[in-house]
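Colleague: Can you read through this structure? Questions will come right after.
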Amino acid sequence: MTGGVLREVEPIRLSTLTTLRTGGTPERMLEAATATELVEALREVWARGDDWLVLGGGSNLFVGDQPFDGTVIRVLTHGIEELPSPHEGRVRLRVQAGHGWDDLVAYAVERGYAGLEAMSGIPGTVGASPVQNIGAYGQEIQETLVEVELIDEATGAVSVVPAADLGLGFRTSVLKHHYGGVPARRAVILSVTVDLLVAGERVVRGDQLRRALGLTGDEPVPLAWVRERILATRASKGMLLDDDDPDTHGVGSFFQNAIVPEAVARSLPPECPRWPVAPDLDAVTVIPLSSYQGLVPAARTEAPDVKVSAAWLIEHAGIRKGFGLPRSRASVSTKHALALTNRGGATAAEVSELARFIQSRVHAEFGLVLQPEPVLLGVEL
Ligand SMILES: Cc1cc2nc3c(=O)[nH]c(=O)nc-3n(C[C@H](O)[C@H](O)[C@H](O)COP(=O)(O)OP(=O)(O)OC[C@H]3O[C@@H](n4cnc5c(N)ncnc54)[C@H](O)[C@@H]3O)c2cc1C
């Protein structure tokens, strides 16, 4: 790390820094272009006891229109370092938190490093990628993530934390600020290390990705081809950031696919798409020797949870693509039922009103409450 100084800048409206284009002006704004500046900025803000928000690409944030009474720290660090992997035929990349996620994917694909290509085109920064364990077409960051370097608010200490300690799950981690709660671990990622296969081309496994790519055989395909196909598919769904396409002025999926007990899934119409969720198995049961009586408890036999398509629930609750409430400048994307978009000048209140309307329609029709995926700041649903 090189030496840095605190870079305080004139605060600007968060609507200009978030992809949903909502959000008032914060009281204070700092920028950090190096990891040292980021650490210094955080320690200063924490010492002052200010409310704070770390901002990457602003593509997973739904911010209210009232001024944020705290400090926003913009993560503008960048850089990729190549390191040897302890595993043969693989390579490690250590990437600064503010580096553009898709720039990292492009870098890896160009060099024939496999493991990120299906996540081409996801907006935002590398530092935010473990926060909600980003994923697309069946590939998630947790498959290649080795460790992160982070700084904890509780201690102000910088440490290297293995991926296994981040509580990574479906669009979640211990670092994510879920609606209605605080993260289990208040910390900021400084860098991310991934371990990738040096391949150039690979046999694509996983039904979701094979379907998206239109693959039927088992022949290996070039990573660059996978990337190209994914980018084209995402563009057709409004899932690639594009200033000229208002369908991309959102946060991607606004609602999460619902994870429900099997019995609830059974009560939904059979046409509703669903996928099994791997059960959270207790891999090792430790029985203290003092209490061991020659019996090993039976393995759990509960039915695994089921993930059901939120897009299907929305459309079958009567909300079509492009739907908007009267006189509202927020609407459902014309290409994707899960994306709520700002059609130009929509306030956070307009987006919230639309989100609540959709939640109430789905609840009335199917009895499920859809949960928002983005981090909410100064807004309530
Ligand atoms: C068009 C579109 C398509 C999308 N498609 C997908 C998709 O396919 N899959 C998917 O998973 N997501 C998708 N997203 C959501 C979003 O791109 C990801 O969640 C992304 O990782 C957010 O990165 P960001 O830098 O923009 O985070 P921000 O929005 O800036 O921040 C999100 C949260 O992470 C925190 N954060 C940011 N940086 C750090 C850091 N360094 N350390 C700790 N916390 C941090 C913030 O404080 C905030 O709480 C999409 C979004 C859009 C707009």
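For what it's worth, numbering that gives the first Met the number 0 labels the leading residue of the sequence shown as 0, then goes sequentially. Heads up, the beta-carbon is just placed ideally off N, CA and C, and yes, glycines get one too.
Taking 7 Å as the cut-off, is the C-beta of I357 nearer than that to any heavy atom in ligand 1?
Modeller: One-based indexing of the sequence shown puts residue 357 at position 358. Answer for I357: no, Cβ out of range of ligand 1.
Colleague: State the CB to CB distance for the pair R360 and A310, rounded to an integer number of angstroms; the pair is presumed to be in contact (CB under 8 Å).
Modeller: Position 361 of the sequence shown, counted from the first residue, corresponds to residue 360. Position 311 of the sequence shown, counted from the first residue, corresponds to residue 310. Going by Cβ atoms, the distance from R360 to A310 rounds to 13 Å, so no, they are not a contact pair.
Colleague: Does the segment 64 to 77 come within contact of the segment 20 to 30, defined as at least 3 CB pairs closer than 8 Å?
Modeller: These segments touch.
Colleague: Taking 7 Å as the cut-off, is the beta-carbon of S235 closer than that to any non-hydrogen atom of ligand 1?
Modeller: Within the sequence shown, the letter at position 236 stands for residue 235. Outside the cutoff, so no.
Colleague: Tell me which residues share the same chain as D101 and place their Cβ nearer than 8 Å to its Cβ, disregarding the 5 neighbours each side in the sequence.
Modeller: The residue labelled residue 101 in the question sits at position 102 within the sequence shown. So the qualifying residues of the chain are S119, G120, I121, P122.
Colleague: Quick check: is any heavy atom of ligand 1 less than 7 Å from the C-beta of M28?
Modeller: Counted from its first residue, the sequence shown places residue 28 at position 29. No, ligand 1 has no heavy atom inside 7 Å of this Cβ.
Colleague: Can you grab the Cα-Cα spacing for the pair L82 / R226, in whole Å?
Modeller: Mapped onto the sequence shown, residue 82 falls at position 83. Mapped onto the sequence shown, residue 226 falls at position 227. L82 and R226: Cα-Cα distance of roughly 23 Å.
Colleague: Smallest Cα separation from G155: which of R185, L167, S332?
Modeller: As a working note, residue 155 is residue 156 in the sequence shown. Of the candidates R185, L167, S332, the one whose C-alpha sits nearest the C-alpha of G155 is R185.
Colleague: State the DSSP-derived secondary structure class of I357, mapped to helix, strand or coil.
Modeller: Stepping through the sequence shown from its first residue, residue 357 is reached at position 358. In this structure, I357 counts as helix in the three-state DSSP scheme.
Colleague: Sort out for me which residues DSSP pairs S158 with in a bridge.
Modeller: As a first step, residue 158 must be located in the sequence shown, where it is residue number 159. Answer is L149, bridged to S158.
Colleague: Taking the straight line between their C-alpha atoms, what separation do you get for D281 and A34?
Modeller: Numbered from its first residue, the sequence shown carries residue 281 at position 282. Numbered from its first residue, the sequence shown carries residue 34 at position 35. For D281, the predicted structure reports a pLDDT of 48, less than 50, and the residue's modelled location is therefore unreliable. The matter cannot be settled from this model.
Colleague: Find the nearest neighbour of R233 within the set F61, E116, E200, judged by alpha-carbon distance.
Modeller: Here residue 233 corresponds to residue number 234 of the sequence shown, with the count starting at 1. Nearest option by C-alpha distance: E116.
Colleague: At a cut-off of 7 Å, is V423 close to ligand 1 when judged by its beta-carbon and the heavy atoms of the ligand?
Modeller: Residue 423 is absent from the model: the chain starts at 0 and stops at 380.
Colleague: Using CA coordinates, which residue listed in Q358, L189, R42 is at the minimum distance from E152?
Modeller: Walking along the sequence shown from the start, residue 152 turns up at place 153. Measuring from the Cα of E152, the nearest candidate turns out to be R42.
Colleague: Roughly how many angstroms separate the alpha carbons of A338 and G180, rounded to a whole number?
Modeller: Here residue 338 refers to the residue found at position 339 when the sequence shown is read from its first residue. Here residue 180 refers to the residue found at position 181 when the sequence shown is read from its first residue. Between A338 and G180, the C-alpha separation is close to 23 Å.
Colleague: Within the chosen definition, does the segment 188 to 200 reach the segment 89 to 109 through at least 3 CB pairs nearer than 8 Å?
Modeller: Yes: the two stretches touch, three or more of their Cβ pairs being nearer than 8 Å.
Colleague: Under 6 Å Cβ to Cβ from L222, same chain only, skipping five residues before and after it: list those, please.
Modeller: Taking the sequence shown and counting its residues from 1, the one referred to as residue 222 is at position 223. Within the same chain, L222 has close Cβ partners V108, A113, E116.
Colleague: Please go through the segment 76 to 151 and give each complete beta strand (DSSP E) segment of 3 or more residues, from N-terminal end onward.
Modeller: Here the runs fully enclosed are 79 to 83, 89 to 95, 144 to 151.
Colleague: Let me know if R131 comes out buried or exposed under the rule of 16 or more other beta-carbons within 10 Å of its beta-carbon.
Modeller: Translated into positions along the sequence shown, residue 131 becomes position 132. Checking the sequence shown, residue 131 turns out to be Gln, not Arg. With 16 or more Cβ atoms within 10 Å of its Cβ, Q131 is classed as buried.
Colleague: Between L174, L189, I188, which lies nearest to P383 when the distance is taken from Cα to Cα?
Modeller: Past the boundaries of the shown model lies residue 383; the chain is included only from 0 to 380, so the question cannot be answered.
Colleague: Quick check: E30 and L75, are their CB atoms within less than 8 Å of each other?
Modeller: As a first step, residue 30 is located in the sequence shown; it is residue number 31 there, counting from the start. As a first step, residue 75 is located in the sequence shown; it is residue number 76 there, counting from the start. Contact: yes.
Colleague: Only counting the same chain, and skipping five residues up and downstream in sequence, which positions put a Cβ closer than 6 Å to that of Q370?
Modeller: For this step, residue 370 is matched to residue 371 along the sequence shown. These residues qualify, in order along the chain: Q255.
Colleague: Tell me the residue span of the beta strand (DSSP E) that contains R6.
Modeller: Start at 1 with the first residue of the sequence shown, and residue 6 comes out as number 7. R6 -> beta strand (DSSP E) spans 6 to 8.
Colleague: Is any non-hydrogen atom of ligand 1 found closer than 7 Å to the C-beta of Q65, if you look at the structure I gave you?
Modeller: Here residue 65 refers to the residue found at position 66 of the sequence shown. Because no heavy atom of ligand 1 lies under 7 Å away, the Cβ of Q65 does not count as near it: no.
Colleague: If you check the beta carbons only, do L324 and F365 fall under 8 Å apart?
Modeller: The residue labelled residue 324 in the question sits at position 325 within the sequence shown. The residue labelled residue 365 in the question sits at position 366 within the sequence shown. No, they are not a contact pair.
Colleague: Taking the C-alpha atoms as reference points, what is the distance between S235 and D246?
Modeller: Here residue 235 refers to the residue found at position 236 of the sequence shown. Here residue 246 refers to the residue found at position 247 of the sequence shown. Approximately 10 Å between the Cα atoms of the pair.
Colleague: Would you say S190 and E148 are within 8 Å of each other, going by their C-beta atoms?
Modeller: Position 191 of the sequence shown, counted from the first residue, corresponds to residue 190. Position 149 of the sequence shown, counted from the first residue, corresponds to residue 148. Contact flag set, yes.
Colleague: Closer than 7 Å by C-beta to A162: which residues in its own chain qualify, once you throw out the five before and the five after it? Chain order, please.
Modeller: By 1-based counting over the sequence shown, the position of residue 162 is 163. Answer for A162: Q141, L144, V145, E146, listed in chain order.
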